[in-house]
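Colleague: Let me give you the structure first, and then I'll get to my questions.
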Amino acid sequence: MYQSSLLESITLVYGDRLNNALHTPKPLYSKDVMKKKILIIDDKPAIGQLITLYLSADYDFRFFSNAMDAYNWLKEGNSVDLILSDYTMPEMNGYDLLIMIKQNEFLKNIPVIFLSGEDNSNTRISLLEAGADDFILKPFNPLELKLRIKKALK
Numbered sequence: 047m048y049q050s051s052l053l054e055s056i057t058l059v060y061g062d063r064l065n066n067a068l069h070t071p072k073p074l075y076s077k078d079v080m081k082k083k084i085l086i087i088d089d090k091p092a093i094g095q096l097i098t099l100y101l102s103a104d105y106d107f108r109f110f111s112n113a114m115d116a117y118n119w120l121k122e123g124n125s126v127d128l129i130l131s132d133y134t135m136p137e138m139n140g141y142d143l144l145i146m147i148k149q150n151e152f153l154k155n156i157p158v159i160f161l162s163g164e165d166n167s168n169t170r171i172s173l174l175e176a177g178a179d180d181f182i183l184k185p186f187n188p189l190e191l192k193l194r195i196k197k198a199l200k
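In the numbering used here, the protein residues as written are 47 to 200.
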């Protein structure tokens, strides 16, 4: 009885929109719904725009120009499937960000790929030892980036 009157009340308020929503078949698979979310962290917004331009058909993006802001956003409960981060940034570098992510019980399993113009083997090794999943040197090939993201998300 209660369910019936509740449905009638909702129908009065929403009318045909409710009826159409209830009776319109929904696809079992929608590419937009299934897009993975990638967090881009780089002090240069142009990098975020470039990555978004190349990969927006396959992924959804959130961009931060500051590593600490990005980390705080993640700690608030926002979820992503992968993190793409610059290494050299003001206020907090990529290594410190990676350590904080890997020490957080809720974030530690998110794959992290670094993009950096710093061509230093010791930096790459320390990041990989600390838990980074990959390191790509800037300037990067968009197809290579796409393939490495796909591999990290498996």
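All C-beta atoms, glycine included, are put in the ideal place defined by N, C-alpha and C.
Please read these numbers as outputs of a predicted model, since none were measured by experiment.
Confirm, please, whether the CB-CB distance from T169 to Y133 is below 8 Å.
Modeller: Taking the sequence shown and counting its residues from 1, one reaches residue 133 at position 87. Taking the sequence shown and counting its residues from 1, one reaches residue 169 at position 123. Their beta carbons are under 8 Å apart, which means Y133 touches T169 by this criterion.
Colleague: Please state the DSSP three-state secondary structure of Y133.
Modeller: Taking the first residue of the sequence shown as 1, we reach residue 133 at position 87. Coil at Y133, not helix or strand.
Colleague: Leaving out the 5 sequence neighbours to the left and right, which residues in its chain are closer than 6 Å to F109 when beta-carbon positions are compared?
Modeller: As a position in the sequence shown, residue 109 is number 63, starting the count at 1. Closer than 6 Å at Cβ, skipping near neighbours: I86, G94.
Colleague: Since I147 and I156 should fall inside the 8 Å C-beta cutoff, what is the C-beta to C-beta distance between them, to a whole number of angstroms?
Modeller: Within the sequence shown, numbered from 1, the residue matching residue 147 stands at position 101. Within the sequence shown, numbered from 1, the residue matching residue 156 stands at position 110. 7 Å between Cβ atoms; contact.
Colleague: Please report the straight-line C-alpha distance between F186 and A198, rounded to a whole angstrom.
Modeller: Your numbering for residue 186 matches position 140 in the sequence shown. Your numbering for residue 198 matches position 152 in the sequence shown. Those two C-alpha atoms are separated by around 17 Å.
Colleague: Assuming K82 contacts D127 (C-beta within less than 8 Å), just tell me the rounded distance between them.
Modeller: By 1-based counting over the sequence shown, the position of residue 82 is 36. By 1-based counting over the sequence shown, the position of residue 127 is 81. Confirmed, about 4 Å.
Colleague: Starting from L183, trace the beta strand (DSSP E) in both directions and tell me its first and last residue.
Modeller: Residue 183 sits at position 137 when you count from the first residue of the sequence shown. Its beta strand (DSSP E) spans residues 180-183.
Colleague: On a Cα-Cα basis, can you pick out the residue from M138, D142, L189 that is closest to L173?
Modeller: Numbered from its first residue, the sequence shown carries residue 173 at position 127. Ranking the options by Cα distance to L173, first place goes to D142.
Colleague: Can you find a C-beta in chain D that's less than 8 Å from the C-beta of K148?
Modeller: Note that chain D does not occur in the displayed structure, where there is just one protein chain.
Colleague: Taking the Cβ atom as the reference point for each residue, do M12 and E137 lie within a distance shorter than 8 Å?
Modeller: There is no way to answer for residue 12, as the model of the chain reaches only from 47 to 200.
Colleague: So S167 is in the alpha helix (DSSP H); what residue range does that whole segment cover?
Modeller: As a working note, residue 167 is residue 121 in the sequence shown. Start and end: 167-176.
Colleague: When the Cα atoms are used, what is the spatial distance from A103 to G140?
Modeller: One-based indexing of the sequence shown puts residue 103 at position 57. One-based indexing of the sequence shown puts residue 140 at position 94. Answer to the nearest angstrom: the Cα atoms are 27 Å apart.
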